[in-house]
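Asker: For the sequence shown, position 78 (counting from the first letter as 1) is numbered 117 according to the numbering used here, and the numbering increases by one without interruption.
Note that beta-carbon positions come from the ideal geometry of N, C-alpha and C, so glycine has one too.
Note that the coordinates shown come from a computational prediction; the quantities given were computed from them, not determined experimentally.
First, the structure itself, so that you have it in front of you.
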Amino acid sequence: NKIPARVNTPLSIITEAFENLADQLKPDITTEEDGLKLDAFCNACTHVSVLFSCLGFAFKFAEMEYISKVNDLVEASKTLDTLQNILDLDVEKDTVKTPGSRSRNLRRVRLGLDLIRAIFEKFLMTDEYSLKDAATTAYTEVCAPFHTWAVRTAVYAGMYTLPTRDQLLLRLNETEQSVEKNMRRYMEASRPIIEYIDKLYIERNIKLDW
Ligand code: 1PZ
């Protein structure tokens, strides 16, 4: 009798969602005019929520922030077809950077996806890296430059409440081996998506310094 493969861990579900999304960016599937579909993007982003349940109460605020931004994009997906449509509408109204605008929320969600990628990257550098150190370094690199002093201070304080490496693996139902595979898959799948989102702003002459 064969031993069944380890399937459907929270991380493998997230990873798979982003791999499917990244497939949509392949030139033979998506035409240049079309770009990434908003509903498919939102669907993948929604899966990330599972991770928050592993982090503890201190990250409740981050979770609510992230989910409210994704939900705004879900709402937009009822009337808009692609990510490009979001940018084009805000460019027209001159509201790209306005708090609460969809282009701004998309930028925030993109930073969140990149933060997760960076955390995974640090986490896998050695198997002694604590989650707290991995998350702190990644946050400093990816998100801190764009957050207010008050938010940065709260996030750095919250880092001390993160689970240990072993607790995280347990909560994610992963081993050191399986977590490496799944994290690397997410890192690979998210990169083209993050680059694609950046390109949407740059093509419209919007600098990414906010
Ligand atoms: C396993 C992974 C452990 C990760 C722990 C790292 C958590 C970092 C927490 C970041 C908290 C950000 C809190 C609030 C930020 C707000 O200032 C901005 C406001 O945007 P505005 O309304 O001015 O346009 N909101 C955001 O940036 C959106 C939320 C981002 C949160 C991303 C978290 C990503 C995922 C973490 C892993 C589960």
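Flag Glu259 as yes when its Cβ comes closer than 8 Å to any non-hydrogen atom of the ligand 1PZ, and as no otherwise.
Answerer: Because the chain spans 40 through 249 in this model, residue 259 falls outside it and cannot be assessed.
Asker: What's the C-alpha gap between Lys136 and Asn212?
Answerer: Looking up residue 136 in the sequence shown gives position 97. Looking up residue 212 in the sequence shown gives position 173. Roughly 39 Å separates the two Cα atoms.
Asker: Three or more C-beta pairs closer than 8 Å, one from the stretch 225-240 and one from the stretch 55-69: is that the case here?
Answerer: The stretch 225-240 is in contact with the stretch 55-69.
Asker: How many angstroms separate the CA atom of Leu152 from the CA atom of Asp73?
Answerer: For the purposes of this step, residue 152 is taken as the residue at position 113 of the sequence shown. For the purposes of this step, residue 73 is taken as the residue at position 34 of the sequence shown. Looking at the two C-alpha atoms, the distance is approximately 22 Å.
Asker: Please confirm whether any heavy atom of the ligand 1PZ lies closer than 8 Å to the CB of His86.
Answerer: As a working mapping, residue 86 is identified with position 47 in the sequence shown. For the ligand 1PZ, not one heavy atom lies less than 8 Å from the Cβ of His86.
Asker: Beta-carbon separation of Arg156 and Trp249 under 9 Å?
Answerer: Taking the sequence shown and counting its residues from 1, the one referred to as residue 156 is at position 117. Taking the sequence shown and counting its residues from 1, the one referred to as residue 249 is at position 210. No, the pair does not count as a contact, with Cβ atoms beyond the cut-off.
Asker: Within 9 Å (strictly less), CB to CB, does Leu209 reach chain C?
Answerer: Going by chain labels, chain C is absent from the structure shown, which holds only one protein chain.
Asker: State the CB to CB distance for the pair Val130 and Arg243, rounded to an integer number of angstroms; the pair is presumed to be in contact (CB under 8 Å).
Answerer: Position 91 of the sequence shown holds residue 130. Position 204 of the sequence shown holds residue 243. Right, their Cβ atoms sit about 6 Å apart.
Asker: Measuring alpha carbon to alpha carbon, tell me which residue in Leu201, Leu247, Asp120 is nearest Phe96.
Answerer: For the purposes of this step, residue 96 is identified with residue 57 of the sequence shown, where counting begins at 1. Comparing Cα-Cα distances from Phe96 to each of Leu201, Leu247, Asp120, the minimum goes to Leu201.
Asker: Check whether the Cβ atoms of Cys81 and Ser116 sit closer than 9 Å, and answer yes or no.
Answerer: Taking the first residue of the sequence shown as 1, we reach residue 81 at position 42. Taking the first residue of the sequence shown as 1, we reach residue 116 at position 77. In contact: Cys81 and Ser116 (Cβ atoms closer than 9 Å).
Asker: For Thr175, collect the residues of the same chain with a Cβ closer than 6 Å to its Cβ; drop the 5 residues on either side in sequence, then sort them by chain order.
Answerer: Position 136 of the sequence shown, counted from the start, is the residue given in the question as residue 175. Excluding positions up to five away in sequence, the list reads Met198.
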